[in-house]
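Residue numbers (the working numbering): 245 to 762.
Quick reminder that beta carbons are idealized off the backbone N, C-alpha and C, glycines included.
Small disclaimer: the values here were computed from a predicted structure and weren't measured.
Please read the structure below before turning to the comments.
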Amino acid sequence: MDALVILIPLMPLLAAALIGLGHLFGRLDGESSEHITADIASWAISMSCLLTLALLGADLLDKNIGFYSAGQWLNSDMLDIQFNFICQGFNVRLAMLFSVLLAIITRFSIDYLHREAGYHRFFFILSLFSSAMLLLVLSGNIICTFIGWEVAGLCSYLLVGYAYDRPVATANATRIFVTNRIGDVGFLLGTGLAFAWVDSINWNNINAASAQLSLGEATSLALCFTVAAFAKSAQLPFTPWLARAMEGPTPSSAVFYGAVMVHAGVYLIILLRPIFEHAPLAMALIAIVGLLTAIYSYVVGLTQTDVKSSLIFASSGQLGLMFLECGLGFWQLAGWHLCAHAVVRCYQFLTAPALMHNVRNLRTTSLMRNIPTWIYVASLQRFWLDPITDWALVKPVRGLAHDLSYFDDHIVDWLMGAPDPAIRAISSLAQLEERMIGAQLDNNSDKFARGSGLAGKLTEWTAAILHWFEDRFVLRGIGKDAINYGRQLGHIANMIEHSVLRPRYLVLFVFITLLVAF
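Written out as structure tokens, the structure is:
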């Protein structure tokens with residue numbers, strides 16, 4: 245039964261390939277093909293759902309070995325990367341839950357996105373995301389988990405910017421994409437440290453070796469993956485990106501930020517439980533940050549007047565509580581909390597359009613009446629986290645980019661120079677054709693290349709010499725100038741030959757040869 249695990253992420257991946265290729269070659273386009281795209285996506289995720297249920301049943305009956313390897317991907321010296329999967333425990337239960345939620349969201353999206361311009365594009369991205377998340381949850385090694393991690397983030401970026409003709413949507417998608425790359429740095433650094441200290445990238449081997457790691461090594465490894473988890477699950481200071489993600493369609497909000505992807509950071513912490521238990525500093529950090537995120541999300545959520553913003557801050561608050569539970573060592577509670585929250589939040593996001601239709605406006609809760617005014621204002625401004633981030637990170641990076649651009653334009657180019665753009669440089673053949681028809685479009689056509697600076701001038705002089713030689717001897721072929729130059733060169737060669745053959749020069753050459761020989 246363990247072999248079924250490879251088909252679970254494969255089915256939606258094949259669906260994404262079929263939808264993508266069909267849309268690319270015009271076979272799936274427009275309203276007439278919507279039912280084909282919908283059938284491909286829904287059947288694929290439904291098959292994955294049935295496979296996860298079968299795998300979970302086998303696990304509950306103790307029929308699974310618990311680990312399955314589908315083959316080797318890369319082997320270099322001590323690095324051995326295989327396509328291996330975890331087939332028991334929390335991973336299988338979470339994969340089953342996610343596949344069921346993905347199937348529900350896919351079915352909901354069929355009617356919700358009917359006649360939308362990007363219908364086929366949406367289901368391509370949704371199928372690709374389903375494959376990535378199931379791979380992330382079931383993978384048995386860091387590399388395959390990271391592949392799922394990155395593909396899921398890419399799909400999030402594409403669906404937040406689903407309405408790419410809207411500047412706000414594209415700007416928010418780009419901001420979210422860049423923010424999540426900060427977490428990727430921690431993930432990659434943790435991968436390198438795990439391989440350096442444990443000599444393995446398999447999750448089971450890393451957890452098994454946690455007892456042999458020193459306190460500093462375990463703490464460093466845990467902190468690296470903590471940064472990745474904070475960024476993915478929108479913990480402070482990364483929380484603001486979650487509110488920006490509401491620009492996508494409602495089904496994408498449900499699947500990414502309510503039910504599935506936003507829980508990936510909590511899953512990563514639970515997966516590395518043995519490492520964190522040997523790193524008390526990391527445990528304390530995730531507990532403190534989780535608590536602060538929960539408080540922040542609760543206070544900000546009280547002043548939100550649209551349903552999706554209220555739900556998204558409720559989600560980040562619950563995620564903060566899950567991190568707090570992990571930091572306090574309540575691992576099973578965090579796991580159950582994750583599963584229950586995914587179900588409830590998925591339902592709330594999917595019913596949000598109906599709520600907005602039936603309720604005209606949302607009023608702030610009466611709890612805000614008894615708090616100081618400055619907290620109310622700070623809550624409305626979401627504690628200015630976005631402006632602070634712009635001031636602390638975005639503005640310095642832009643200033644550095646401006647300074648580097650100025651240095652490149654005014655210092656490097658001035659010293660090195662550069663030839664004129666290719667579009668302004670007329671080729672030799674074009675110049676010859678121009679002369680033949682008498683057009684003379686460029687009065688400075690003899691200047692084949694023009695430049696500035698030392699490098700530019702050298703290029704200009706070299707090009708001028710080569711152009712003169714090409715124009716006189718190559719392009720004009722047997723023209724008058726070539727014949728005259730040939731005759732002059734031949735006359736000079738004959739004179740040199742006659743001079744060399746005179747007796748006094750022959751004797752001199754023989755004498756020099758004898759001196760050199762002896």
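Indicate the three-state DSSP secondary structure (helix, strand or coil) for residue i in the structure shown.
| i | result |
| --- | --- |
| Leu378 | helix |
| Ser277 | helix |
| Ser554 | helix |
| Ser458 | coil |
| Ser286 | helix |
| Ser383 | strand |
| Ala669 | Since pLDDT at Ala669 reaches only 44, below the 50 mark, its modelled position is unreliable, and no value is offered. |
| Arg359 | coil |
Applying the criterion that 16 or more other CB atoms from any shown protein chain within 10 Å of the CB defines a buried residue, is residue i buried or exposed?
| i | result |
| --- | --- |
| Asp763 | Residue 763 falls outside the range modelled here, since the chain spans only 245 to 762, and no answer is possible. |
| Gly430 | buried |
| Ser649 | exposed |
| Pro253 | buried |
| Tyr406 | buried |
| Gly561 | buried |
| Ile739 | In the sequence as displayed, the identity of residue 739 is Met instead of Ile. It is exposed - the Cβ of Met739 has fewer than 16 other Cβ atoms within 10 Å. |
| Glu278 | buried |
| Ser458 | exposed |
| Gly384 | buried |
| Gln456 | exposed |
Shortest alpha-carbon distance to residue i belongs to which of the options?
| i | options | result |
| --- | --- | --- |
| Thr617 | Thr547, Phe352, Leu338 | Thr547 |
| Pro493 | Pro597, Cys331, Pro411 | Pro597 |
| Leu379 | Asp355, Thr281, Tyr542, Val249 | Val249 |
| Asn335 | Ala259, Thr706, Leu516, Ile325 | Leu516 |
| Ala584 | Leu467, Leu563, Ala538, Asp428 | Leu563 |
| Met291 | Pro256, Ser560, Ala558, Phe567 | Pro256 |
| Gly534 | Ser553, Gly571, Val499 | Gly571 |
| Ile386 | Ser458, Trp580, Thr537, Leu323 | Leu323 |
| Arg337 | Leu318, Ala523, Cys293, Tyr620 | Cys293 |
| Gly362 | Gly264, Leu644, Leu486 | Gly264 |
| Ala396 | Leu318, Ser320, Ser496 | Ser496 |
| Ile556 | Leu594, Ile532, Gly579 | Leu594 |
| Thr537 | Leu486, Trp580, Trp441 | Leu486 |
| Trp441 | Arg488, Asp428, Gly460, Ile426 | Gly460 |
| Asp321 | Ala645, Asp443, Pro484, Trp575 | Asp443 |
| Gly427 | Asn446, Ala475, Asn449, Tyr408 | Ala475 |
| Cys399 | Leu525, Arg425, Phe366, Ser383 | Phe366 |
| Val588 | Gln576, Val544, Ala558 | Ala558 |
| Ser477 | Ala708, Asp647, Arg425, Tyr312 | Arg425 |
| Ile284 | Gly266, Gly274, Leu295 | Gly266 |
| Val422 | Ala452, Arg488, Arg410 | Arg488 |
Within a Cβ cutoff of 7 angstroms, which residues of the same chain sit near residue i, ignoring the five residues on either side of it in sequence?
| i | result |
| --- | --- |
| Leu512 | Phe469, Ala472, Ala473 |
| Ala578 | Val510, Ile514, Met566, Glu569, Cys570 |
| Cys388 | Phe327, Leu379 |
| Ala260 | Phe368, Ser371, Leu372, Ser375 |
| Leu300 | Val336, Arg337, Met340 |
| Leu480 | Val533, Leu536, Thr537, Tyr540 |
| Leu262 | Ile284 |
| Leu272 | Ile263, Gly266, Ile280, Thr281, His364 |
Taking DSSP's pairing of strands, which residues face residue i in a bridge?
| i | result |
| --- | --- |
| Leu323 | Ser320 |
| Tyr312 | Phe329 |
| Asn446 | Asn385 |
Considering only residues of the same chain and omitting the five flanking positions on each side of residue i, which have a CB-CB separation below 6 angstroms?
| i | result |
| --- | --- |
| Ile354 | Ala282 |
| Glu491 | Val404, Ala413, Asn416 |
| Pro665 | Note that Pro665 scores 45 on pLDDT, short of 50, meaning its location in the model is unreliable; the coordinates nonetheless yield the value given after this. Nothing meets the Cβ criterion. |
| Val499 | Ile349 |
| Thr435 | Ile386 |
| Gly310 | Cys331, Gln332 |
| Asn308 | Met245, Asp246, Ala302, Cys331, Gln332 |
| Met221 | In this structure the chain extends from 245 to 762, so residue 221 is not present and cannot be described. |
| Trp393 | Leu380 |
Excluding the 5 residues flanking residue i on each side, which residues of the same chain have their C-beta closer than 8 angstroms to its C-beta?
| i | result |
| --- | --- |
| Ala586 | Leu341, Phe342, Leu345, Gly502, Ala503, Val504, His507 |
| Ala298 | Met245, Leu248 |
| Gly315 | Gln326, Phe327 |
Consider the C-beta atom of residue i and the heavy atoms of the ligand COA; say whether any pair is separated by less than 6 angstroms.
| i | result |
| --- | --- |
| Phe469 | Absent from the structure shown: the ligand COA. Ligands present: none. |
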